[in-house]
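Working notes for the structure below.
Number of protein chains: 6
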Amino acid sequence: MRFDEAYSGNVFIKSHGNYDESDVVIYGMPMDWTVSFRPGSRFGPAKIREVSLGLEEYSPYLDRHLEQVKYFDAGDIPLPFGNPQRSIDMIEEYVGTLLEAGKFPLGIGGEHLVSWPIFKAFKKKYDDFVVIHIDAHADLREEYEGEPLSHSTPIRKACELLGPENVYSFGIRSGMQEEFEFAKTSGMHMSKFEVAEPLKEILPTLAGRNVYVTIDIDVLDPAHAPGTGTAEAGGITSKELLEAIMLIAKSEVNVIGADLVEVAPVYDHSEQTAIAASKFIREMLLGWTK
Amino acid sequence: MRFDEAYSGNVFIKSHGNYDESDVVIYGMPMDWTVSFRPGSRFGPAKIREVSLGLEEYSPYLDRHLEQVKYFDAGDIPLPFGNPQRSIDMIEEYVGTLLEAGKFPLGIGGEHLVSWPIFKAFKKKYDDFVVIHIDAHADLREEYEGEPLSHSTPIRKACELLGPENVYSFGIRSGMQEEFEFAKTSGMHMSKFEVAEPLKEILPTLAGRNVYVTIDIDVLDPAHAPGTGTAEAGGITSKELLEAIMLIAKSEVNVIGADLVEVAPVYDHSEQTAIAASKFIREMLLGWTK
Amino acid sequence: MRFDEAYSGNVFIKSHGNYDESDVVIYGMPMDWTVSFRPGSRFGPAKIREVSLGLEEYSPYLDRHLEQVKYFDAGDIPLPFGNPQRSIDMIEEYVGTLLEAGKFPLGIGGEHLVSWPIFKAFKKKYDDFVVIHIDAHADLREEYEGEPLSHSTPIRKACELLGPENVYSFGIRSGMQEEFEFAKTSGMHMSKFEVAEPLKEILPTLAGRNVYVTIDIDVLDPAHAPGTGTAEAGGITSKELLEAIMLIAKSEVNVIGADLVEVAPVYDHSEQTAIAASKFIREMLLGWTK
Amino acid sequence: MRFDEAYSGNVFIKSHGNYDESDVVIYGMPMDWTVSFRPGSRFGPAKIREVSLGLEEYSPYLDRHLEQVKYFDAGDIPLPFGNPQRSIDMIEEYVGTLLEAGKFPLGIGGEHLVSWPIFKAFKKKYDDFVVIHIDAHADLREEYEGEPLSHSTPIRKACELLGPENVYSFGIRSGMQEEFEFAKTSGMHMSKFEVAEPLKEILPTLAGRNVYVTIDIDVLDPAHAPGTGTAEAGGITSKELLEAIMLIAKSEVNVIGADLVEVAPVYDHSEQTAIAASKFIREMLLGWTK
Amino acid sequence: MRFDEAYSGNVFIKSHGNYDESDVVIYGMPMDWTVSFRPGSRFGPAKIREVSLGLEEYSPYLDRHLEQVKYFDAGDIPLPFGNPQRSIDMIEEYVGTLLEAGKFPLGIGGEHLVSWPIFKAFKKKYDDFVVIHIDAHADLREEYEGEPLSHSTPIRKACELLGPENVYSFGIRSGMQEEFEFAKTSGMHMSKFEVAEPLKEILPTLAGRNVYVTIDIDVLDPAHAPGTGTAEAGGITSKELLEAIMLIAKSEVNVIGADLVEVAPVYDHSEQTAIAASKFIREMLLGWTK
Amino acid sequence: MRFDEAYSGNVFIKSHGNYDESDVVIYGMPMDWTVSFRPGSRFGPAKIREVSLGLEEYSPYLDRHLEQVKYFDAGDIPLPFGNPQRSIDMIEEYVGTLLEAGKFPLGIGGEHLVSWPIFKAFKKKYDDFVVIHIDAHADLREEYEGEPLSHSTPIRKACELLGPENVYSFGIRSGMQEEFEFAKTSGMHMSKFEVAEPLKEILPTLAGRNVYVTIDIDVLDPAHAPGTGTAEAGGITSKELLEAIMLIAKSEVNVIGADLVEVAPVYDHSEQTAIAASKFIREMLLGWTK
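Chains as they are written, first to last, in the UniProt record's numbering: chain A, 1 to 290; chain B, 1 to 290; chain C, 1 to 290; chain D, 1 to 290; chain E, 1 to 290; chain F, 1 to 290.
What follows is the structure, given as structure tokens:
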């Protein structure tokens, strides 16, 4: 409660007050206009921030405290409703600015298409990096009913941009037949159904490499994440996703950026999806950034 | 979407099985990608059809039975997610086809932007017609945050297309200052807050004219229509909207087409908005078409 | 309900348009009038069909596509509200017609009592077959508060009709003391609490035999299936039920029919139960029919 | 269900502990098995009792206190699930017992069919009485899809039992064409759409007569009563229903019994329907009984 | 989106950035620990701010724009959970500070007990002022089950502090018999059931006087405000409450402060109560402050 | 609240009618006024009782029937809203009375602070006993924002009262850094994240000792217990908690009392948390008391 300056309201818990002094920047991408089923992830970033106030600032998983990380929550990029092309241009430009300033970008979606401009911005700075993709859906379509800008396409685009050999998908349990065939024949890596076990095998092979991690909350079973647009039965538990975050944190890869997408509060009647997501972001902050 | 055979899906109660023999065509426009607040109206048409099964087929308001009207429910136009321009082109073309075939188009939204291509299609057939617009919002913006294709602009566009003197708005209780100034100075008609009383005055002045009616469900108070994206307190009751429908049915205007938009089932926890909307459509079918 | 033409209503995704050319017939049994606790499963079939539109048509579990199976969704049997006797007579007659026509009947409930007339119809065609019953509840009561026609009795009736040695229950975690005693002493098989592990042992002993499978969605933990009338804590995950479906698909039993019952949409606030059920039905179609 | 001792369960606020000393008996009829649309009213009586604890015991409408009335809440009649015939027999017998004991029966449904056996029980005691029926639906069908025992038929049956000239319906806004024709031609009274205004005209004509009042909660608009199976837009407000209760209380009719039916808690997400119903019952207790 | 200063997040729409330059201060009181029925109003202030982003900044009721008022949203007073005494001390002190600084205090509750320390703070500055109290409940108890600090007592305390002749209650439809007797005999004013009509009579008699207005959202019917702890059927519409706000705005009283209390988001499934409350606050800002 | 006669209200299924003849007393503590996040657990006891009616009376886990245990449900202690000190005094006194009478106290919360006065009451009777604490949260704070009476402090207080060596926590996955340091250095036992596995190791070391067990429902993952105030992702399943209850039942410890706390029905949209809690209480009754 301050009388003499702007009230600093809805930000991720313990956000640092100063952009310049921060190493990590949290930013929201409130976009859901290309989704094919249930929209609503545009409100994901705001809700995750809101419920983060219920989090403890200390992690017993990592024995670290949020005060040990300098991060700044920059709010949401003001994306134009219903204009996917302009939205992804704005995201690419914004993430580019963060990377130029030496920040670690930690993005919150919005629909999964938002990862595509992020990949492009990273490609400008990093010649060589790997994408770890944790999701229920392959997202390997070339287009969706004629639209190349769709929440079903970002990982296919990543394969084109970075080479399929630099894309690693985990937990996939849904997609078109063509997507699974592409996964088998293109040279990318895809682990079906499971996340933690295959990560234990793959992570050592990536030691020392730059890694960008994108997590779609729907990799969780709908029991753990009902608040998402395209729920798919048969997923992993939130305990398993925490384990996966710990495996990456304790591996020898160099995480250079990350995002968490597809939380849709309107289907999240007891707020459990947003509460879980805010905890994952705490662990990502504590485990993946310096 | 087929023009000439039964739609094999969820249809409005008692839909006739044959397009050619029908006088009225019900069609859905599952689009919500330009809305600025809460999306979800893309599921409006399907839900309204689903709950229509709970309706009686007889109206004690009009003493008419649905068997007295020949209508065909054509299902939803397959609009491309996240592409407003292509969506409105498809709507304009589809409604044009209906008008060429001599059908009475009865549209179900979707967001309110869908009315704009409908107006354009009608303008090609009718030199002279009037729009009656029943809504909480003025929808008179020239653009929304730089986007001219927005759910806040269709009535402004109608004024440009038809001349402001041919646009009549009722029930308006929200908008920007500029919109209310435009309403005062442009020559259009705007009744603030009320619907039935001002209709009683205006309808006689429109006797004999062609009239297209567009109803945004949010003209109802949120008590009566919680299931909409942009709820606005202080609205009319569903009893009053039924009265407005009766006033038009019993007037001497010539209704040439109509739509009902902005039902968003995800906020409609007891289905009351969809149930009301399906009743309004029954009354529109019975009262406004031959 | 028509046997020989397309159902003009909501159908399971990719339903074939022609009854005669189909090998499998999906049919709904919208009945919930004998349930002792929370009603609402009458809307299960319609909801499962509705959300099936969000499914992919390809299964990465079985590497099969829905186009490889010819199935016809016949809609719901028009059961008379509040009349259990007439309802079960209609179901028995309808399933009998399917069996005469050589179809594979795939039923969607409705309360679990619907399986009783199905068993009777199968008994008329097959001298010898086995029931695999996957459920939280034993359903072995002789009557429920004086009513022999109750959702708590169908498996007891199956034991009487087929001989207890031909009834195999899995996952049971609730029932009266008498039901568990009957299970122990009658000669039927009952695996308490678990499904996949005991199936691995039992399935080889059934190789070559005709098997009818009935799945009550409440075998899932309420975390995975909140949308059911009689939720019972301590159940299996949807991942485990998928595994059970795969075990049956890959076994050497001859599946001759199946049903999935007790999805009650009104308790299913984020649609997760219906979404899971529609996926199970896709896998049953792909794995259990030719 | 005990007649002579305190019910050890959830009771209506301030229920008297002793059956014998009470003038009024509140009883629940948890039946919903013949409803054609959304079931769930079986839980109405329990929920109304539960939320009655939030009521004040004093009415500022009538300036009376619940301590001025001696009433006993007898709990629910244990109706057999899915057996309409036995259910209505039990209700008729139970109400008969109350009438023999000189009690004022105040029933809580449950579906509207429960009023039919009540009418029969009253007919045995009273040669001459009138039914006041406040409802959205005419309930004048002879049968519903072949079933004469249906929640759509009780008022037709009342006309047959008591003579149509002794049946007065108010607020009706839905029904089949045949029902409205019957209302016009049979000699019964039906006021469409409105309740309080026509009551003001009718009540004086009934002065001195015995009157049984049955209220279907769906006479309220869904804005006021979302928690009901067959919501119908265009209804009255709860303020108007309170006014109607006061009009009867202050009239010169002799109320001999009453019921309130069709509250279905599962659609009543903020409990507003049950809260309103419990207030109506408080006013009925204070205004209609001695 | 700013890079170089703290993100100004969850504040009432268009809040001025500077406390010193502001005439009005909006402050939240997230307290609900003395409520006797359903808690949850502690989250009212945050939710009202959140949905205020969906508001237009212009009022067609008053033809005024939020830019014409200088107000600062100071966030919530950090009240200690479960400690009513310390909470009300903090509120009294905070409001005292605002009054010393010449600000117009506009408070958002929280439970209604918060108004009691506000009255005390105002009494220190103003020798003579009047309270206008708009509510469903009399709030005139001396204590609640032995606790004098209760959400049922603030208006009784106001009568003691200011003299009953300076307290005017409107819309009251619930309370204990003793409260209504106190209202009749003490010299205070109470209008039962209605708000706008009696205000038209009373306001002229208060011309020129200082007035503090406290609005309990439950004066609205539960149809209009389901999101509150103690919903009471038979209330006014949000249209009528808007009319009451306009009547005060256009009267000759001198409004010196105001609050709006008892919005409880957890019962507000479609956000309609919070949306209405944020609109009322906009109108209070535009109509009651300079 | 009566000690010597049947509670006339909602009771746990099969509650014995007589206090004196009962060995176990179930009692509710409807208190939630010190919680720091989402209130609502005051309604936990009533809801758990209500849904207990859907339970079977027989446990297939323990092969025991509720008729084998004599228990009496005494209803809720009438705790004063918003007064923590008086509330805990009342609980301590009430539990003391039960212990004097030789009853086994089985408490239902309410917030976790209620366990503190229970510990004090037990300490008066038992010189030596151990607390087994199953929870997501450490609850080891010395105070919460200055308040020593808080739902975050009861286990710290237990350490002070009983000696840290007599406190065993299981399943802990959230807390402040100081709490985890206290756990490490004080001499108490804390198992992080897991419950069943560490219990298997610890229970044999407690053979023959008196044990009080307190279970916070939020030890379950939010997938299994969404209906609680402070949900924390990454928890155990209800299957695992059932296993833990069985491990204690089959161990050689002497259980002297128990409680289950923090069920908050308002976040429990499909009642799954209350349904699970009522099952846990059935198993505690059958497995932990004679």
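All C-beta atoms in this analysis are idealised placements derived from N, C-alpha and C, irrespective of residue type, glycine included. Bear in mind that the values here come from a model prediction, so they are computed numbers and not experimental data.
Span of the alpha helix (DSSP H) holding residue i?
i: TYR94 of chain E; result: 84–100
i: PRO117 of chain E; result: 115–125
i: PHE193 of chain A; result: Looking at the DSSP string, PHE193 of chain A is not in any alpha helix (DSSP H), and its letter there is neither H nor E.
i: GLU43 of chain A; result: Checking the sequence shown, residue 43 of chain A turns out to be Phe, not Glu. PHE43 of chain A -> no alpha helix (DSSP H), and no H or E assigned at all.
i: SER238 of chain A; result: 238–250
i: ILE13 of chain C; result: Taken as a continuous stretch (DSSP letters only), ILE13 of chain C belongs to no alpha helix (DSSP H), as it is neither H nor E.
Name, please, each residue of chain A whose Cβ falls closer than 7 Å to the Cβ of residue i.
i: TYR267 of chain F; result: SER270
i: GLU145 of chain B; result: PRO80
i: PHE37 of chain F; result: GLY54
Please list the partners that residue i has in chain B, where partner means a Cβ-to-Cβ separation under 7 Å.
i: THR34 of chain A; result: PHE81 and GLY82
Quick one: list the residues of chain C neighbouring residue i, beta-carbon separation under 9 Å, in chain order.
i: ILE149 of chain D; result: Note that residue 149 of chain D corresponds to Leu in the displayed sequence, not to Ile. By Cβ distance, chain C contributes GLY82 and ASN83.
Over the uninterrupted beta strand (DSSP E) stretch that includes residue i, give me the two end residues.
i: THR214 of chain C; result: 210–216
i: LEU260 of chain E; result: 254–261
i: ILE275 of chain B; result: Not the beta strand (DSSP E): ILE275 of chain B falls in the alpha helix (DSSP H), residues 272–288.
i: ALA74 of chain C; result: 71–76
i: PHE104 of chain F; result: 104–109
Can you tell which of the options has its C-alpha closest to the C-alpha of residue i?
i: GLY163 of chain A; options: A:LYS290, A:LEU286 and A:GLY187; result: A:GLY187
i: SER36 of chain B; options: B:THR185, B:ARG141, B:GLY234 and B:PHE122; result: B:ARG141
i: GLU240 of chain E; options: B:PHE193, B:LEU161, B:ASN210 and B:PRO45; result: B:PHE193
i: PRO78 of chain A; options: A:GLU50, A:SER41, A:MET90 and A:THR230; result: A:MET90
i: GLY227 of chain F; options: F:HIS16, F:ASP127, F:HIS269 and F:GLU201; result: F:HIS269
i: GLY257 of chain D; options: D:LEU242, D:GLU243, D:ARG209 and D:ALA276; result: D:ARG209
i: LEU247 of chain C; options: C:GLN272, C:GLU147, C:GLY234 and C:PRO198; result: C:PRO198
i: ASP221 of chain B; options: B:SER169, B:ALA276 and B:GLU145; result: B:ALA276
i: ASP76 of chain E; options: E:LYS70, E:LYS157, E:ARG86 and E:TYR94; result: E:TYR94
i: PHE104 of chain C; options: C:ASN83, C:LYS70, C:ILE88 and C:LYS123; result: C:LYS70
i: GLY287 of chain F; options: F:SER59, F:VAL167 and F:SER278; result: F:SER59
Give me the chain E residues within the contact set of residue i, using Cβ-Cβ distance strictly less than 7 Å, ordered along the chain.
i: ILE275 of chain D; result: PRO222, ALA231 and ALA233
At a CB-CB cut-off below 9 Å, which residues of chain A make contact with residue i?
i: GLY40 of chain B; result: ARG38, PRO39, GLY40 and VAL266
Residues within the stretch 172–206 of chain F neighbouring chain A, beta-carbon criterion of under 9 Å: Taking a C-beta cut-off of 9 Å against chain A, the contacting residues of the stretch 172–206 of chain F are ILE172, ARG173, SER174, GLY175, MET176, GLN177, GLU178, GLU179, PHE180, LYS192 and PHE193, listed in chain order.
Chain-ordered residues of the stretch 226–252 of chain C with a beta carbon less than 8 Å from chain A: So the close ones are THR237, SER238, LYS239 and LEU242.
Inter-stretch contact (C-beta, 8 Å, three-pair minimum) for the stretch 209–223 of chain A and the stretch 118–138 of chain A: yes
Cβ contact (3+ pairs, closer than 8 Å) linking the stretch 46–54 of chain C and the stretch 253–271 of chain C: yes
The stretch 16–31 of chain D touching the stretch 91–109 of chain C, judged by at least three CB pairs closer than 8 Å: Taking one beta carbon from each stretch, the stretch 16–31 of chain D and the stretch 91–109 of chain C have fewer than 3 pairs nearer than 8 Å; the two do not touch.
Cβ pair count under 8 Å reaching 3, the stretch 249–261 of chain D against the stretch 106–116 of chain D: yes
Cβ contact check for the stretch 167–178 of chain F and the stretch 140–155 of chain F: 3 or more pairs under 8 Å: The answer is yes - the stretch 140–155 of chain F touches the stretch 167–178 of chain F, with three or more Cβ pairs under 8 Å.
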